[in-house]
Amino acid sequence: MPRPCLPIDVVHVTRATAGGVRRHVVDLIAGLNALGVKQALVHSSAGADTPFVEALPRMRAMSVETVELAMAREINPFADLRAAAALAKIVRGLSPRVMHLHSSKAGAIGRLGALGMPNVRVVYSPHASGANISRVYALAEVALARLGVDRIVAVSASERAELSELHLVSENKLVQVDCGIDAAEVQILSQQLPAVAIPQGKLVVAVGRLAEQKNPLFLVDCAAEVVARVPEARFVWVGDGELRDAVNARVAQLSLGERWTTTGWVSNPFPFMYGATVCALPSRYESFGYTTLEAMVLGKPVVATAVAGSRDLIVPDETGELTPPGNRTAFTEALVRVLTDPERAARLGSAAAVRARIFSRERMATEMLAVYRSLSS
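Residue 869 in our numbering sits at position 105 of the sequence shown, and the numbers go up by one each step.
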């Protein structure tokens, strides 16, 4: 397709093309496009989810040039250096004012690739720093920070606090732009038919990858305790991932049977969230927590662990419940309180819908554009 007129204002770089990072990048590109920003996207197809694949033609229709670049998921010095060199060649050809790196792997490759390009301003959004994974990743973040970056953008206040404690950059280079979504789109999609039948009863819905970060085994253990006290409770996990076999085994071990449903991958999770009595986010860590905000848009109370992102979205006992990460008793009790008190659930959900209006895609794009513009002032 014809290339956009040069110079491109911003080239986005991401390896993470699934889940929350994908959602952020796609929404940010759409929001910035509405503001007249010329953009390009460098991405990896490895691990891309269906919404990302479906979004590519829409981005091209907005004259966003998309370029595929192989990027290894794990730390691989030789592959990463090759990717950095290839990225540098792509970026020189696109001639952007700003290169915006999304997630830790793109952050590493992008900062290496930016060496020798002093006219390109570098913005990095970790979307939950790799420091949450292991000490090795934490050391890598600190080392890469020495390569230089013009701004690090936290997507929530609590992520900003966590990044500040890592001392990756000076405080004046660390900024906050909260994520935002198109609430109307979520509401429209929630009215479509679900991919599989939604169980009847008092429904707890969790949406996300079946991965360590999202902590699905923790929720299975909580489910066993909840259904012992609320027999009509049913749990649905919307998503798939490497822990699916382990989750199924734990469900069988705890004799949950039809009380637990794992849908596998579905492209539209919103009908399940719309049908929920309460939504659950038992994550070990987050940077923002899109599913929490999506549930709030739909007027659903959320029980979540008090990790970054969730702490900023949920006002305890006003729009939902927050519990200490890993505390199964507290999480179980919070779910039981919502499931057994319909008036309280309705009150929390109504307040959640009002609070969700703050986090719009338009506000996110406007604030991010202000960050970009600050780099040339």
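All C-beta atoms, glycine included, are put in the ideal place defined by N, C-alpha and C.
Every value quoted in this text rests on a predicted model; they were computed, and no experiment measured them.
Next on the checklist: Distance check for Glu1085 and Glu1006, CA to CA, integer angstroms please.
Outcome noted: 28 Å
State whether the segment 934 to 944 contacts the segment 956 to 966, with contact taken as three or more CB pairs (one from each stretch) at a distance under 8 Å.
no
- [ ] List the whole-angstrom C-beta distance separating Arg846 from Cys986, where the pair is believed to meet the contact cut-off of C-beta under 8 Å.
- [x] Wrong, their Cβ atoms sit about 44 Å apart, outside the cutoff.
Here's the rule I'm using: 16 or more other beta-carbon atoms within 10 Å means buried, otherwise exposed. How should Thr1104 be labelled? exposed
Q. Does DSSP put Leu1045 in a helix, in a strand, or in coil?
A. strand
### Task
Within its chain, find whatever has a CB closer than 7 Å to the CB of Asn979; leave out the 5 residues flanking it on each side and keep chain order.
Pro1046, Ser1047 and Arg1048
- Message: Just verifying my parser: in three-state terms, what is the DSSP assignment at Arg1127?
- Response: helix
Q) By the 10 Å Cβ neighbour count, where 16 or more other Cβ atoms means buried, how is Glu926 classified, buried or exposed? A) buried
Using only the alpha-carbon positions, how far apart do Tyr827 and Gln803 sit?
Per the sequence shown, the amino acid found at residue 827 is Ser instead of Tyr. So the alpha carbons of these two residues sit roughly 8 Å apart.
inquiry  = Tell me the residue span of the beta strand (DSSP E) that contains Leu938.
reply    = Leu938 to Gln940
**OP:** Decide if Ser1114 is buried, meaning its Cβ has at least 16 other Cβ atoms within 10 Å, or exposed.
**Re:** exposed
Distance CB(Val806)-CB(Leu851) smaller than 8 Å = yes
| said: Between the alpha carbons of Phe1123 and Ser889, how many angstroms are there, rounded? | reply: 18 Å
Item to complete: Would you identify the three-state DSSP class for Ala1147, choosing helix, strand or coil?
Response: Because the chain spans 765 through 1141 in this model, residue 1147 falls outside it and cannot be assessed.
If I follow the unbroken alpha helix (DSSP H) through Ile873, where does it start and stop? Ser868 to Gly877
Just mark Ala1110 as buried or exposed, buried being the case when its beta carbon has 16 or more other beta carbons within 10 Å. exposed
Quiz item: Which of helix, strand or coil does DSSP assign to Glu949?
Solution: helix
Have a look at Trp1029, His864 and Asn1012 and flag the residue whose alpha-carbon is nearest the alpha-carbon of Asp1132.
-> Before going on, a small fix: residue 1132 reads as Met here, not Asp. Comparing Cα positions, the closest option is His864.
Handout entry: Cα-Cα separation between Val913 and Gly1021, rounded to whole angstroms
Key = 51 Å
Measuring straight from C-alpha to C-alpha, what distance separates Thr1130 and Val994? 45 Å
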